[in-house]
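For the protein sequence lines, the chains are A and B, in the order given. For the first sequence, the numbering used here begins at 1 and goes up steadily by one. For the second sequence, the numbering used here begins at 1001 and goes up steadily by one. Yeah, the Cβ is synthetic: ideal placement off N, Cα and C, and Gly gets one too. Keep in mind the model is a prediction, meaning the values are calculated, not measured.
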Amino acid sequence: METKSELAPEAGVELPASTSAPLYFALGLSMLLASLVTNVLFAWTGGALAIWGAVAWWREMFPHEQKVVEPAQSEAERAPPVKPVPERVRNLVAGQDGHRVRLPLEYHPYSGGLRGGLAGGAAMVVAALLYGLVTDGSPWPLVNGFAALVFPLFGAPPPPDSLSFHPGIAAAAGLLHVSFSLMLGLVYASVLPMLPGHPRLWGGLVAPLAWSGAGFVCLELVDPGSAGRIQWGVFVTLQIIFGMTAGEVISRSRPVQTLQSYPLAARAGLEAEMREDDT
Amino acid sequence: MSASSTPGNPSLTGGAGATFAGSIHEWVTTVDHKRLGLLYIGSGLLFFLIGGVEAALMRAQLAMPGNELLEPQEFNRLFTMHGTTMVFLVGMPIITGFGNYLIPLMIGARDMAFPRLNAWGFWMFLFGGLVLYMSYFASMGLYGAGTAPDVGWFAYAPLSGRAFSRGNATDYWVLGIMISGFGSISGAVNMIATTITMRCRGMTMGRLPLFVWMMLVVSFLILLALPVLTAAQVMLLFDRFLGAHFFDTQAGGDAVLWQHFFWFFGHPEVYILMIPGFAYASEIIPVFSRKVIFGYSFMVAATIAIGLVAVGVWAHHMFTVGMGRGLNIWFAVITMVVGIPTGIKLFNWIATMYGGKIQMKTPMLFCIGFLGQFLVAGLSGILLSGAPLNWQLSDSYFVVAHFHFVLIGGLLFTIFAALYYWFPKVTGLMLSEKLGRWHFWLFFVGFHVTFTTMHVQGILGMPRRIYTYPGDRGWAIWNFISSAGVVFQMAGVLCFLAAVVLAFKRPRRAGPDPWNAWTLEWSTSSPPPAYNFLTLPEVRSRRPLWDLKHPHDPDWEHE
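So this is what it looks like as structure tokens:
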């Protein structure tokens, strides 16, 4: 900030003169309107005050605006000039002392998220089929259970029984499962770089537990019948298997530097290369 | 045109020898933006105490089922006057007062663009408020019916028509709001003209403090929204006095028309009240985080976006009217869109604090309280924007909880933050930090005890505006808790009043820049002289005082 001198400021500063005209004009108008619910005397008095205030206001402005000279403060009353502080400024740089000036510094590529989602989904299917084989002698109970839970949401009938293989139902359930897995993989790829600590912990344990807990609470409130049909222990175990697999695959993908530090031309794809001092 | 100048009379300009009568004359004839700002804020705080007493009476009535402390008619008048007072006579003058006081100081000007219009605006606001409260004494009218208005703060027609609201109580409501509305419109014109035309050298729009940017957007919103309410009120007066039928459904009028007009004003009004709260937070959070605001340009863009979207969401207040599927979907979606720019702001304030050297002074405590509470307010707003859920919760205490989270958890907390932050500039005196902390914690606890529980009452089905309720609905315990919270809030406000009294009784001098801040108002003395700046400043960045304090690393090298 710099200061610009005016003509002899020490002599004082011209300011608009105080006036009662706006007060009378406002009071007059208010009384005029209030006369609708009070008395005709309010109308006459308000009208007179409004006219008086308006004329006085006009005379304040024409032919010349009324002003007063406000004397300048004495030196002792004035604010002292702003002085430089002795402390030096330490600007944050990327990665310094745990601070990040850009969030996130790097992100996982979307392809890594898609691969992670597919891998997690596949691991989940394998675990679900094995679980069915061990407990019920058929690999299909969890597949049919998933279809029974989700299909009614789309207006489709649930499977007629839980142990048999139904090709159409398995295909539709598989398609839904792949879609969910891909979406979750993309979410992982986007979110994991922004979380502190180890990505496998967040992706493999915390996130599956969080959405399982949220699902349990919401389903109990919204659809207690469906909530009762779910084996929550198995559900949580399968989610953790998904999360650990997907998190592992995604965290192995090669991170990409965020574009925030790139010049506009590079971000817009106008230049293939950057000078070193642009980075 | 040349100016005719006369020497200033020391007795009328705050000289030491000023008499009491002289001081009164000086204040009622003032055109100084700072004094008018203080008059606005002082009047707003007085009305705040009145509106607070009205709320406390209502909570006392609802503390127990079947209570007979208040008559039903009196309860109706209280919720009408409480809502009207808090919106029009507390929120509006306080935000206008801060704008009046600070905009010229922040942009390096000596006054507002139209000083006399500024004075007129204040008096119109005050007389409007007085006309409204005159209804308690003078509204018996021809029919001897009623005292204060009892039609709710949105005065739905045809309830507010002559057939259902006899006497003159509703007319007092219409006239009082209309008169104060003229004042608000003139204030908005003044703030726009001042910001556009009176910035000091170097103060480009890209260097405006965020406070000024946000008040500029608010002023445009006032110009868009308030005239619509005024027009609707004139139509209502035509119905009531001249036998017109704008809102008379039996004579071909349209009751829903009033709702459209009212909420076309009413919803932007929420942003008119809330954006200044954002403005205070945007000035205070960086100073007490010792960091520059994160994402200045995004903050400006988000404010403009909120202003634009704000005029397109009004009918989400009318989902239960039966507007039809298409309109419901439109207003639900566009309401959810508001969450995007608002979310940007929240993230930017948090990012400003991230990595900063946070100083937990009283203004910052209130701002941090605001951040969490406004987030809850926004999330319950998103819930209510879904038409199906809105059908269940409309006109329940869930809605009451939602808008009190906005207006108290959001606006009032930031107003308190602003009062603690700028009090040293206005008076030259520091407020007690200890009493400030007591104020914050008592008010914070009281606020949540009262209003967080209201969400539950609403979900349990308790309608708003009922004066009592039976004891077998499961509402009694929640109402008792809600009412108990009022005691904490009142204790908090008493701490604030005590801090103000103590500041004058045992003065601790603040100096020009007690917070080590960066905008222009802190470069002048506390309190500032009538002319603000003896020589007009010239700035080179958004933080001119930072540049002076850190010449080795000025902001203009980075902006």
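Scanning its chain for C-beta atoms nearer than 6 Å, with the 5 sequence neighbours on each side dropped, one finds around residue 1300/B the residues 1213, in chain order. At a cut-off of 9 Å between C-beta atoms, residue 1271/B does not count as an interface residue with respect to chain A. Bounds of any beta strand (DSSP E) do not take in residue 1102/B; it lies within the alpha helix (DSSP H) bounded by 1092-1107.
When secondary structure is reduced to three states using DSSP, residue 1543/B falls in the coil class, being assigned neither helix nor strand. When C-beta distances to chain B are compared with 7 Å, every residue of the segment 190-222 of chain A stays at or above that value.
A Cβ-Cβ separation of about 25 Å leaves residue 245/A out of contact with residue 148/A under the 8 Å criterion. Secondary structure note for residue 66/A: its beta strand (DSSP E) is the uninterrupted segment 66-70. Assignment of alpha helix (DSSP H) within the segment 1359-1419 of chain B, counting only whole runs of 4 or more residues, yields 1362-1385, 1387-1393 and 1397-1404 in chain order. Chain B places a beta carbon closer than 9 Å to that of residue 34/A, counting this residue as a contact. Our two residues, residue 237/A and residue 110/A, have alpha carbons roughly 26 Å apart in a direct line. Straight across, the Cα-Cα distance linking residue 1098/B with residue 1090/B is about 12 Å.
Membership of residue 1286/B in any beta strand (DSSP E) is not indicated; the residue belongs instead to the alpha helix (DSSP H) covering 1255-1289. The Cβ-Cβ distance between residue 1413/B and residue 1380/B does not fall below 9 Å. Taken in chain order, the members of the segment 1111-1125 of chain B whose beta-carbon sits within less than 7 Å of a beta-carbon on chain A are 1111, 1115, 1116, 1119, 1120, 1123 and 1124. Under the three-state reduction of DSSP, residue 63/A is assigned to coil, being neither helix nor strand. Between the alpha carbons of residue 1432/B and residue 1502/B lies a gap of roughly 8 Å.
Nearest Cα to residue 1339/B within the set 1294/B, 1313/B, 1321/B and 1353/B: 1313/B. At a Cβ-Cβ threshold of 9 Å, residue 32/A and residue 1531/B do not count as neighbours.
According to DSSP, residue pairing for residue 1509/B in a beta bridge involves 1429/B.
Residue contact check for residue 232/A against chain B: no CB pair falls below 9 Å.
Around the beta carbon of residue 1086/B, a 10 Å sphere encloses 16 or more other beta carbons of the protein chains shown; the residue is thus reported as buried. Interface annotation for the segment 33-62 of chain A against chain B: 33, 34, 36, 37, 38, 57 and 60, criterion Cβ-Cβ distance under 7 Å. With respect to residue 1287/B, residue 1421/B sits close: the two C-beta atoms are nearer than 9 Å. Scanning its chain for C-beta atoms nearer than 6 Å, with the 5 sequence neighbours on each side dropped, one finds around residue 1101/B the residues 1034 and 1037, in chain order.
Spatial neighbours of residue 1478/B in its own chain (CB-CB distance under 6 Å, excluding positions within 5 residues in sequence) are listed in chain order as 1453, 1456 and 1457. Annotation for residue 178/A: the continuous alpha helix (DSSP H) segment containing it runs 167-191.
Relative to residue 1490/B, the option among 1158/B, 1050/B and 1260/B whose CA is nearest is 1050/B. Using beta-carbon distances, residue 25/A counts as an interface residue toward chain B, with a partner under 9 Å. Proximity of residue 260/A to chain B, defined by a Cβ-Cβ separation below 9 Å, is not satisfied. Taking the Cβ atoms as the reference, residue 1178/B lies roughly 5 Å from residue 1233/B, within the contact range of under 8 Å.
In the DSSP assignment, residue 1341/B falls within the alpha helix (DSSP H) that extends over 1339-1353. Residue state for residue 1226/B is assigned as helix, using DSSP reduced to three classes. Annotation for residue 75/A: no beta strand (DSSP E) segment contains it, and DSSP assigns it neither H nor E. Nearest CB-CB separation between residue 1178/B and chain A: below the 9 Å threshold. Under the Cβ distance rule, residue 1524/B counts among the residues neighbouring chain A, one pair being separated by less than 9 Å.
Taking all protein chains in view, the Cβ of residue 1182/B is crowded by 16 or more other Cβ atoms within 10 Å, so the residue is classified as buried.
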